[in-house]
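For what it's worth, this note's numbering labels the leading residue of the sequence shown as 1, then goes sequentially. Using N, Cα and C, we set each Cβ at its ideal position, and we do this for glycine too. The next block holds one structure in the form of structure tokens; read it before the comments.
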Amino acid sequence: SRTVLSRLAFWRTATTRASDEALKERQQNRIARWRQAGLMLGMGVLSALALPPVHFLPILLITFPALSRVLNRAPSWKNAAWAGALFGFGFYAANLYWLVNAVMIRAEEFWWFVPFPSLGCALILAPMVAAPAALCRLAPAGPRRILAFAASWTLFDMGRVFLFSGFTWNPLGSSLAIPGTVGDVFIQPAAWIGVDGLTFFVVLGALFGGEALQDAFRARAGRPCQLFPRRADRIRVAACAALIITISLTASMVRLKTVHPAGEPGPITVLVQGNVPETEKVGHLNPRDIFMRYLHLTADGVLQARDQRPHPAFPDAITRPIVFLWPETSFPGSSLLQDSPRARQIIMEWAPGADAGLIGALRVGEDGRYRNSVLALTPNGDIAAFYDKARLVPFGEYQPPFIPLQIVPQGGMAAGPGAQTWHLPGIPAVGPLVCYEVIFSGLTVDEHDRPRWLANVTNDGWFGDSAGPRQHLSSVRLRAVEEGLPIARAANTGISIAYDGFGHELARLGWGKTGTLVVPLPAALPAPLFAQYGRSLPALLSLAAFLAALIRPRRKLKM
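What follows is the structure, encoded as structure tokens:
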């Protein structure tokens, strides 16, 4: 009996010890999972520093390798997808923080909605990173898996155009749109592969370059390497990166030196920036004062355009047509501009010598629904053409039908049919764009009727002096490069700007300033490759890279 009791006691002790060890292991695993979740969220947040206006690209050499190591070690595709979702949530929540500003303008009505714009958008967009994280598991762990991830990241990033009315804000390729000459050179490949192609190479470079660099530091410190244990492999990665960068920079410089504008130059544009606080517009405060402010600014700008002497670069500037632009929904009378011929005549009377005025205004359609529009006015005040915004902002200008709460008044606005080209009397053919539409790569120009320049009217006053207007501006610049077209942008509170077909800044009126810009636009460039074939080029590039990552190389037979 003593033997039995001693065995029972030993068994009980062993069982308790095993149970304690299992419990301790579960606790450690739980802590490890929470640490990994926090790491992925943090790496996503830090990755947002690469985007405009910070452009801190080196951070990607830390954050993306951290994600790739988790993807390579994850025990299943579900774990990989969860890691990607957390990374994506942190990334989008950080780079869209400024959306909260739009709700704060009407906080007394929508105070309950304050946490939702940035966090809600991040939650919706997180699967666009989770899916590539899961899909890359089809490739074996190692370099081929991270190649598959870079390719699928790009493809799913392009797929954001199909979310609601589309939300392709902040592709990572826009991180190369650094202000100044450096950015001019970096973004020229967008003329061939678009911003999505730039995104592919940014992600690919961050993954391979970051892993190789970190493994080099580990090898020097005597620690085990993660992805490239051999020095020869790290040298190959560095050599490939140097070759790609050299080819890209060389091609960019050649394009900047050898491609020249062709055909008739653009008009002299007068960009009017009224700098009206959004609270005044929403509260319908001082409409007459706002109207008079725009009239005075327009008169001053048109007078400058008329009196402008020929510039050495533009010897025929004095003979060009003059077109002035008012920002999106700039007119304080809602549909008054549409219904009142006298209001339109007053505007043109204050702009003697102008050949056309492009006015951002609300318009009521035959169905009684509002449109966010641009109206083209002739010198006598007639409406020569109107363009209705086709891509509406989700939850801002229209409400997806599955949302049970009434967020957007009357369900929102009606959308227009899509990109158009206006052929106004005496004016080079122009493609009008309203605000957010300029973010859609490959969808901003009527492919059957290519314009000579683009006119973008916008109002970023909703988002304050934050990163949002600067991120929006990078999209304007990249569209100019992709299409090879000069673009003039009038913004209510800023930033009003003009770019040539290389994305080179011609003139700028900064945030929060009241005034006008008078800019003679150059001629358009010959249609670049991207303008001819659109997003099919970066899509094929990414798809080819993904398939290449799945192909297993044949083993050499031993003789």
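Just to confirm my understanding: we take L337, look at its own chain, exclude 5 residues before and 5 after, and list those with CB closer than 7 Å. What are they? Stepping through the sequence shown from its first residue, residue 337 is reached at position 337. Close CB contacts of L337 within its chain, under the 7 Å cut and outside five residues either way in sequence, are with F331, A343, R344, I359, A361 and L375 (chain order).
Put N95 into one of helix, strand or coil per three-state DSSP. As a position in the sequence shown, residue 95 is number 95, starting the count at 1. For N95, the three-state secondary structure derived from DSSP is helix.
Measure the CB-CB distance between M43 and L61 and report whether it falls below 8 Å. The residue labelled residue 43 in the question sits at position 43 within the sequence shown. The residue labelled residue 61 in the question sits at position 61 within the sequence shown. Against a cut-off of 8 Å, the Cβ pair of L61 and M43 comes out as no contact.
Enclosing beta strand (DSSP E) for W326 [first to last residue]: Residue mapping note: residue 326 aligns to position 326 of the sequence shown, counting from 1. Judged by DSSP secondary structure, W326 falls within the beta strand (DSSP E) whose first and last residues are I322 to W326.
Per the DSSP calculation, D388 is bridged to which residue(s)? Here residue 388 is taken as the residue at index 388 of the sequence shown, counted from 1. Answer by DSSP bridge pairing, in chain order: S373.
Taking the alpha helix (DSSP H) that A206 belongs to, which residues open and close that run? Translated into the one-based positions of the sequence shown, residue 206 becomes position 206. It spans A190 to R220 - the alpha helix (DSSP H) in which A206 sits, taken as one unbroken run.
Suppose you measure from the CA of F546 to the CA of G159; what does that come to, to the nearest Å? Sequence index remark: in the sequence shown, residue 546 carries index 546 (1-based). Sequence index remark: in the sequence shown, residue 159 carries index 159 (1-based). A direct Cα-to-Cα measurement between F546 and G159 gives close to 16 Å.
Can you tell me where the beta strand (DSSP E) with W453 in it begins and where it stops? Start at 1 with the first residue of the sequence shown, and residue 453 comes out as number 453. Segment W453 to T458, the beta strand (DSSP E) holding W453.
Using alpha carbons as the reference points, say which of P179, S248 and G166 lies closest to G189. Translated into the one-based positions of the sequence shown, residue 189 becomes position 189. Per the sequence shown, the amino acid found at residue 189 is Pro instead of Gly. For the residues P179, S248 and G166, the minimum Cα distance to P189 belongs to S248.
Please give me, in chain order, every unbroken run of the alpha helix (DSSP H) with length at least 4 that falls completely inside the segment 248-279. Scanning the segment 248-279 from its first residue to its last, no whole alpha helix (DSSP H) run of 4-plus residues comes out.
Relative to the C-alpha of I346, which candidate in K389, L295 and V202 has its C-alpha closest? As a first step, residue 346 must be located in the sequence shown, where it is residue number 346. Considering only alpha carbons, the answer is L295.
From I31 to G412, what distance separates their C-alpha atoms? Position 31 of the sequence shown holds residue 31. Position 412 of the sequence shown holds residue 412. In this structure, the straight-line span from the alpha carbon of I31 to that of G412 is close to 46 Å.
Taking C-beta to C-beta, are D307 and H504 nearer than 8 Å? Locating residue 307 in the sequence shown gives position 307, counting from the first residue. Locating residue 504 in the sequence shown gives position 504, counting from the first residue. Against a cut-off of 8 Å, the Cβ pair of H504 and D307 comes out as no contact.
Euclidean distance between Cα positions of D233 and A429: Here residue 233 corresponds to residue number 233 of the sequence shown, with the count starting at 1. Here residue 429 corresponds to residue number 429 of the sequence shown, with the count starting at 1. Cα to Cα, the separation comes out at about 53 Å.
From F149 to A133, what does the alpha carbon distance come to, in whole angstroms? For this step, residue 149 is matched to residue 149 along the sequence shown. For this step, residue 133 is matched to residue 133 along the sequence shown. Roughly 6 Å between the two C-alpha positions.
Return helix, strand or coil for W153, following the three-state DSSP convention. In the sequence shown, the residue the question calls residue 153 occupies position 153. In the structure shown, W153 sits in a helix (DSSP, three-state: H, G or I).
E211: which of F463, P58, A507 and L541 sits nearest, CA to CA? By one-based count along the sequence shown, residue 211 stands at place 211. Comparing Cα positions, the closest option is P58.
Return helix, strand or coil for E505, following the three-state DSSP convention. Locating residue 505 in the sequence shown gives position 505, counting from the first residue. Strand, per DSSP.
Would you kindly report the start and end of the unbroken beta strand (DSSP E) that includes V438? Reading the sequence shown from its first residue, position 438 is the one you call residue 438. Following the DSSP letters along the chain, one finds V438 in no beta strand (DSSP E), marked with neither H nor E.
Are the beta-carbon atoms of V272 and A455 separated by less than 8 Å? By 1-based counting over the sequence shown, the position of residue 272 is 272. By 1-based counting over the sequence shown, the position of residue 455 is 455. The answer is no: Cβ separation not under 8 Å.
Do G484 and W98 have their beta-carbon atoms positioned less than 8 Å apart in this structure? Residue 98 sits at position 98 when you count from the first residue of the sequence shown. Residue 484 sits at position 484 when you count from the first residue of the sequence shown. No, these two residues do not count as a Cβ contact at 8 Å.
Separation of L23 from G173, as counted between CA atoms: Against the sequence shown, residue 173 aligns to sequence position 173. Against the sequence shown, residue 23 aligns to sequence position 23. Approximately 46 Å between the Cα atoms of the pair.
Beta-carbon proximity list for T298, same chain, < 6 Å, skipping 5 on both sides: The count along the sequence shown starts at 1 and reaches residue 298 at position 298. V272, F324, W350 and A351, listed in sequence order.
Please name the residue or residues paired with L517 in a DSSP beta bridge. For the purposes of this step, residue 517 is identified with residue 517 of the sequence shown, where counting begins at 1. Under DSSP, L517 shares a beta bridge with L271.
Using DSSP with H/G/I as helix, E/B as strand and the rest coil, what is A238? By 1-based counting over the sequence shown, the position of residue 238 is 238. In this structure, A238 counts as helix in the three-state DSSP scheme.
Are D215 and L207 close, meaning C-beta to C-beta below 8 Å? Residue mapping note: residue 215 aligns to position 215 of the sequence shown, counting from 1. Residue mapping note: residue 207 aligns to position 207 of the sequence shown, counting from 1. Taking 8 Å as the Cβ cut-off, D215 and L207 do not qualify as a contacting pair.
Can you tell me which of the three DSSP states L433 falls into? Here residue 433 refers to the residue found at position 433 of the sequence shown. Correct three-state label for L433: strand.
According to DSSP, is W511 part of a helix, a strand, or is it coil? In the sequence shown, counting from the first residue as 1, residue 511 sits at position 511. DSSP places W511 in the coil class of the three-state scheme, outside both helix and strand.
Extent of the continuous beta strand (DSSP E) to which I187 belongs: Start at 1 with the first residue of the sequence shown, and residue 187 comes out as number 187. Boundaries cannot be given for I187, as no beta strand (DSSP E) includes it and DSSP labels it neither H nor E.
Pop quiz: A524 and W422 are said to be a contact at Cβ under 8 Å. What is the actual Cβ separation, rounded to whole angstroms? In the sequence shown, the residue the question calls residue 524 occupies position 524. In the sequence shown, the residue the question calls residue 422 occupies position 422. Contact flag wrong, Cβ pair sits at about 15 Å.
Would you mind reading off the limits of the beta strand (DSSP E) that contains L358? Reading the sequence shown from its first residue, position 358 is the one you call residue 358. Annotation for L358: the continuous beta strand (DSSP E) segment containing it runs A356 to V364.
Could you give the DSSP three-state label for A102: helix, strand or coil? The sequence position of residue 102 within the sequence shown is 102, counting from 1. Secondary structure of A102 (DSSP, three-state): helix.
Rounded to the nearest angstrom, what separates F201 and I427 at their Cα positions? Numbered from its first residue, the sequence shown carries residue 201 at position 201. Numbered from its first residue, the sequence shown carries residue 427 at position 427. Going from the Cα of F201 to the Cα of I427 covers about 39 Å.
Three-state class that DSSP yields for G120 in the structure shown: Numbered from its first residue, the sequence shown carries residue 120 at position 120. Per DSSP, reduced to three states, the secondary structure at G120 is helical.
Could you give the DSSP three-state label for S330: helix, strand or coil? As a first step, residue 330 is located in the sequence shown; it is residue number 330 there, counting from the start. S330 carries a coil assignment under DSSP once its states are collapsed to helix, strand and coil.
First and last residue of the alpha helix (DSSP H) that includes Y499? In the sequence shown, the residue the question calls residue 499 occupies position 499. Careful: Y499 lies outside any alpha helix (DSSP H), inside the beta strand (DSSP E) at S496 to Y499.
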